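Q: Heads up: the sequence shown begins at 1 in the UniProt record's numbering, then just goes up one per residue. No residue lacks a Cβ here, since even glycine has one placed at the ideal position from N, Cα and C. Because the structure is a prediction, the values reported are computed rather than measured.
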Amino acid sequence: MYDHSSGAVWQSTASLGVVDEGSLPNMPPMWVSDSSAGSCMAINESSGEICGRVFDMIEWRHHCRFCGKVVCSRCSKKSALLPLKWAPYAAADFDWGLPRRVCNTCFLVLAPYQEGWAAQRAHAHKTNAVDGTGTSFVRYMNSPISFALSDEIKKASYTLQNLTDGVNYWDGDAEYIHKQLRNARGLLFLTVARLAFIGGVRVGTGLVIARIDHGDQGYRAWTAPCAVGTFGLTFGAVVGAEVTDTIVALDDAALLELADESTSKVSLGGRAGLAFGPIGRAASGEALLASDASATAATSYSHSRGFYGGVTLEGAYVKVRDDVNLAFFGKQTKAQDILIHATVQPPNAAQPLYAHLDNYYVKADAFAAEHPEYFASTSTTTTKSSSNPFFFLCAPTHNDDQSTTVPQFEQDFRARDATRDPIKPDESSLLGPPIRGPMPPTNSPRYPQHAFAYDRNDSYTNDVSSNPFASPEPKYQPDAGAWPESKNAVDI
Numbered sequence: 001m002y003d004h005s006s007g008a009v010w011q012s013t014a015s016l017g018v019v020d021e022g023s024l025p026n027m028p029p030m031w032v033s034d035s036s037a038g039s040c041m042a043i044n045e046s047s048g049e050i051c052g053r054v055f056d057m058i059e060w061r062h063h064c065r066f067c068g069k070v071v072c073s074r075c076s077k078k079s080a081l082l083p084l085k086w087a088p089y090a091a092a093d094f095d096w097g098l099p100r101r102v103c104n105t106c107f108l109v110l111a112p113y114q115e116g117w118a119a120q121r122a123h124a125h126k127t128n129a130v131d132g133t134g135t136s137f138v139r140y141m142n143s144p145i146s147f148a149l150s151d152e153i154k155k156a157s158y159t160l161q162n163l164t165d166g167v168n169y170w171d172g173d174a175e176y177i178h179k180q181l182r183n184a185r186g187l188l189f190l191t192v193a194r195l196a197f198i199g200g201v202r203v204g205t206g207l208v209i210a211r212i213d214h215g216d217q218g219y220r221a222w223t224a225p226c227a228v229g230t231f232g233l234t235f236g237a238v239v240g241a242e243v244t245d246t247i248v249a250l251d252d253a254a255l256l257e258l259a260d261e262s263t264s265k266v267s268l269g270g271r272a273g274l275a276f277g278p279i280g281r282a283a284s285g286e287a288l289l290a291s292d293a294s295a296t297a298a299t300s301y302s303h304s305r306g307f308y309g310g311v312t313l314e315g316a317y318v319k320v321r322d323d324v325n326l327a328f329f330g331k332q333t334k335a336q337d338i339l340i341h342a343t344v345q346p347p348n349a350a351q352p353l354y355a356h357l358d359n360y361y362v363k364a365d366a367f368a369a370e371h372p373e374y375f376a377s378t379s380t381t382t383t384k385s386s387s388n389p390f391f392f393l394c395a396p397t398h399n400d401d402q403s404t405t406v407p408q409f410e411q412d413f414r415a416r417d418a419t420r421d422p423i424k425p426d427e428s429s430l431l432g433p434p435i436r437g438p439m440p441p442t443n444s445p446r447y448p449q450h451a452f453a454y455d456r457n458d459s460y461t462n463d464v465s466s467n468p469f470a471s472p473e474p475k476y477q478p479d480a481g482a483w484p485e486s487k488n489a490v491d492i
């Protein structure tokens, strides 16, 4: 197990030695000029034939950095690190830790060297400096778009630091923040820019990181970071522009869906808030929907900058940024290997984020010890996912045993239902017969979008055979339609 608090690097680049490059060319090739190549020069690795695809306004020219030929996009989908023996012929500022575009044939030649080269030169092994001073205003000015995972690590570190320290921290937020993040299985950090007038757009980048233990050994360990991006639309009565730093608590199901390359992810969320002046904050809920119709819950806490107000419904596409991960780790790295299987070693460049995570959870654990009533679990149910896209409105709390705590407002609803005084079903009223629609069973959460149906004096009927809220609960009959109806009730 990797202990981030020790500050140890998982592998020293000095002990790796130099990968043998003797069989590779001693100098880089001369590039073929664009004007002399009217079609793709790549050779198909299976048939041995030249591709020959004609270049036009749609099909652009690309140079293979290893052989120098002009190739099309289909024949140059791979990127690879280049031999270090070419350094005397390169510019002084050439980045040897960044994979370059090569044709598919040349990638097969370079593939055996990539693992060793990445272990020596990848950006993941570099030192990533973060300004940790409390007086620095830089940490409040995160950019919504970054093209390097090392920059995303800095942004996430600043966001986590701002969460419990600085001009925007309010003690009243502590209960909500710690309750949502303390037992999260994963954390999603996003910096999103919104620009809207009635409708608008949102775009941003960030990273996601997952826990690889349950904290039972006295510390929390984390996976390597994985770069993500988001783009979406905003609808509603809204006007203005803002930049928001957001931390989203994810459960196991959300992590699985986010790392699943076979499904596209869409984030749906309701928002009601106002950002005015330098700093504002908001708490919201979101649902991560996948193309396989599943949905998972996510709750977030945000810091905002700008002027932006209104009530909106937002939808955004959330995607793992494979190109950014490639540039950071120096090789193709799948999101599942980073977040789920945890086979990618925690990089040295992420040490600032690990340090801020350790500092935050020390505060969160101390708060939980001082206020155990905020974290008491009175009713739990194991919940992996939900097919209800509004499941996020219940904002469940995730515990160490991977169960979820029933929200307090749901417990209040159940307690109120148990103490209601029943009335006679034949009681007359000037309002006519009671109105009742299809209702959920008593052992499932009542979502805010469901209309609560009451009898004449705001109480439930005591007709056990027809009242879905009575005990024992009537059996639901999907073939017969809705719930059994009372003779004194009509459907809506």
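(1) Once the 5 residues before and after Ala-364 are set aside, which same chain residues still bring their CB inside 6 angstroms of it?
(2) Can you give me the C-alpha to C-alpha distance between Arg-321 and Ala-148, rounded to a whole angstrom?
(3) Please confirm if the stretch 97-104 is in contact with the stretch 56-73, defined as three or more CB-CB distances below 8 angstroms between the two stretches.
(4) With a threshold of 8 angstroms, are at least 3 pairs of Cβ atoms found where one atom belongs to the stretch 50-64 and the other to the stretch 79-92?
(5) What ranges does the beta strand (DSSP E) occupy inside the stretch 79-157, keeping only unbroken runs of at least 3 residues that lie completely in it?
(6) Going straight from the alpha carbon of Gly-229 to that of Ala-316, what length do you get?
(7) Less than 9 angstroms between the C-beta atoms of Phe-367 and Ala-124, yes or no?
(8) For Gln-161, which residues in the same chain have their Cβ closer than 7 angstroms to its Cβ, ignoring the five residues on either side in sequence?
(9) Should Ala-237 be flagged as near chain D, meaning a C-beta pair shorter than 9 angstroms?
(10) Roughly how far, in whole angstroms, is the beta-carbon of Ile-247 from the beta-carbon of Val-203, given that I think they are within contact range, below 8 angstroms?
(11) If I measure Cβ to Cβ from Leu-255 and keep anything under 8 angstroms in the same chain, skipping five residues before and after, which residues do I get?
(12) Which residues mark the beginning and the end of the alpha helix (DSSP H) in which Glu-21 is found?
(13) From residue 530 to Thr-244, what does the alpha carbon distance come to, in whole angstroms?
(14) In chain order, what residues of the same chain have a beta carbon less than 7 angstroms from the beta carbon of Lys-78, not counting five sequence neighbours either side?
(15) Report yes if the C-beta distance between Ala-80 and Gln-114 is below 9 angstroms; otherwise report no.
(16) In the DSSP output, which residue or residues are listed as bridge partners for Ile-50?
(17) Leaving out five residues on either side along the sequence, give the residues of the same chain with a beta carbon under 7 angstroms from the beta carbon of Ala-342.
(18) Within the same chain, show all residues whose beta-carbon is closer than 6 angstroms to that of Ala-349, passing over the 5 residues directly before and after it, in chain order.
(19) For Thr-191, tell me which candidate among Ser-36, Gly-206, Ala-37 has the shortest Cα-Cα distance.
(20) Phe-189 and Thr-159 - do their beta-carbons sit closer together than 9 angstroms?
(21) Have a look at the DSSP bridge pairing and note the partners of Cys-226.
(22) Can you say whether Asp-251 is buried or exposed, counting buried as having 16 or more other CB atoms within 10 angstroms of its CB?
(23) Taking Cβ positions, are Gly-330 and Ala-193 nearer each other than 9 angstroms?
(24) If you check the beta carbons only, do Cys-75 and Cys-40 fall under 9 angstroms apart?
(25) Alpha carbons only, please: which of Ala-249, Ala-259, Val-201 is nearest the one belonging to Val-239?
(26) Evaluate Ser-262 with the Cβ neighbour count: other Cβ atoms within 10 Å of its Cβ, from every protein chain shown; 16 or more gives buried, anything less gives exposed.
(27) Given a threshold of 16 other Cβ atoms within 10 Å of its Cβ, counted over all protein chains shown, does Asn-26 qualify as buried or as exposed?
(28) Which stretch, first to last residue, makes up the alpha helix (DSSP H) that contains Ala-355?
(29) For the ligand MG, is there any heavy atom lying closer than 8 angstroms to the beta carbon of Gly-48?
(30) Given this structure, state the Cα-to-Cα distance separating Ile-43 from Trp-60, to the nearest angstrom.
(31) Please look up how many angstroms separate the CB atoms of Pro-352 and Lys-154, rounded, as I've assumed it's under 8 angstroms.
(32) Report the residue from Tyr-374, Val-324, Asn-142, Gln-336 whose alpha carbon sits nearest the alpha carbon of Leu-98.
(33) Would you tell me roughly how many angstroms separate the C-alpha atoms of Met-141 and Tyr-360, rounded to the nearest one?
A: Checking against the coordinates, here is how it stands:
(1) His-178, Arg-182
(2) If you take the alpha carbons of Arg-321 and Ala-148, they lie about 10 angstroms apart.
(3) yes
(4) The answer is no - the stretch 79-92 does not touch the stretch 50-64, with fewer than three Cβ pairs under 8 angstroms.
(5) 100-102
(6) 10 angstroms
(7) Not closer than 9 angstroms, so no.
(8) Arg-139, His-356
(9) Protein chain content of the structure displayed is limited to a single chain, and chain D is not contained in it.
(10) Between Val-203 and Ile-247 the Cβ distance is about 18 angstroms, and since that is not below 8 angstroms, they are no contact.
(11) Arg-185, Gly-186, Val-208, Ala-210, Leu-339, Ile-340
(12) Run containing Glu-21: none; DSSP gives neither H nor E here.
(13) Residue 530 lies beyond the stretch modelled for the chain, which goes from 1 to 492, so this question has no answer here.
(14) If we look at Lys-78 and ignore the five residues flanking it on each side, its Cβ neighbours are Val-102, Asn-104, Phe-107.
(15) yes
(16) Ile-43
(17) Ile-212, Thr-223
(18) Non-local beta-carbon contacts of Ala-349 in its own chain, meaning distances under 6 angstroms to residues more than five positions away in sequence, involve Ala-124, Lys-126, Asn-128, Ser-150 in chain order.
(19) Gly-206
(20) yes
(21) Val-208
(22) buried
(23) Cβ atoms of Gly-330 and Ala-193: not closer than 9 angstroms.
(24) yes
(25) Val-201
(26) exposed
(27) exposed
(28) 351-370
(29) This structure lacks the ligand MG, and indeed carries no ligand of any kind.
(30) 17 angstroms
(31) 7 angstroms
(32) Val-324
(33) One alpha carbon belongs to Met-141, the other to Tyr-360, and they sit about 20 angstroms apart.
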